[in-house]
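Remember, this note's numbering sits 37 above the position in the sequence shown when you count from 1.
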Amino acid sequence: MMLNNYLLGILYGDGYIQIINNRETVFFSTTHKEIADKLVSKLTNYGIIHNHYTRNHEANSQKENYEILEVIQITDQEFLWKLKESGYDSSAAEVRIKSDSDFLRGYMEAKGTLFKSQSRGSEFWRISISGNYEDLIYIKKLFETHLGIKVGEVLQRRER
């Protein structure tokens, strides 16, 4: 069974562990079908047991305007064990987040966005990443030290 850093990055970005019937199960959910399809393909290629379904809401329901959600449920216990062994649920960012460009690419696909911005008459690209503050500080360090990318300050947006 393969558990590469790209897969870890995607799962750390939008994955979570939930207990169902006294058994831990890994879930991944996203509104981006392409990312879900890519993850399903990798899980299938690696022989990892999973279910994939789409959650949408019926017309005339209170939630009909909610985005369609792709949900992947990974029930493979060997996979869960390897995920935990990799530090997935560690309390330390340095253990959870891998100093590897593949991990960062997976994490950015799940939690990041790239957009043009303007300030003082000049145009530039901005990367926005959602996550907890400790993770973002560590990711900033990895961008600067391992990838040579200059990063400005980390700003935390207030919840609405």
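Ideal Cβ placement from N, Cα and C applies to all residues, glycine included.
As the structure is a prediction and not an experimental result, all values here were calculated from the model.
Backbone secondary structure at residue i - three-state DSSP
i, result
"E104", "coil"
"S159", "strand"
"H69", "coil"
"S136", "coil"
"T81", "helix"
"I166", "strand"
"K187", "coil"
"D40", "According to the sequence shown, residue 40 is Leu rather than Asp. L40: coil per DSSP, three-state reduction."
"Y175", "helix"
"R197", "At R197 the pLDDT is 49, less than 50, meaning the model places this residue with poor confidence and gives no usable figure here."
"L45", "helix"
"A147", "helix"
"G124", "coil"
"L192", "coil"
"A130", "helix"
Per-residue burial, residue i [other beta carbons within 10 Å of its own, 16 or more giving buried]
i, result
"A129", "exposed"
"E190", "exposed"
"V132", "exposed"
"L14", "There is no way to answer for residue 14, as the model of the chain reaches only from 38 to 197."
"E104", "exposed"
"L192", "exposed"
"D126", "exposed"
"N42", "buried"
"K135", "buried"
"I47", "buried"
"G168", "buried"
"F65", "buried"
"I85", "buried"
"I186", "exposed"
"F161", "exposed"
"G143", "buried"
"I72", "buried"
Expected contact under 8 Å - CB spacing of residue i and residue j to nearest Å
i, j, result
"Y141", "I176", "Reading the sequence as shown, one finds Leu at residue 141 and not Tyr. L141 to I176, Cβ: 7 Å. Contact."
"D51", "A147", "4 Å"
"E107", "T81", "About 15 Å separates the two Cβ atoms, so there is no contact after all."
"K119", "L40", "5 Å"
DSSP beta-bridge partners of residue i
i, result
"T62", "Q55"
"Q110", "F64, N88"
"K153", "W162"
Distance cut-off 6 Å: residue i Cβ against heavy atoms of the ligand PLP
i, result
"Y49", "Absent from the structure shown: the ligand PLP. Ligands present: none."
Next item on the list: Pair every Cβ in the segment 103 to 114 with every Cβ in the segment 148 to 165, then say whether three or more of these pairs are closer than 8 Å.
Entry: no
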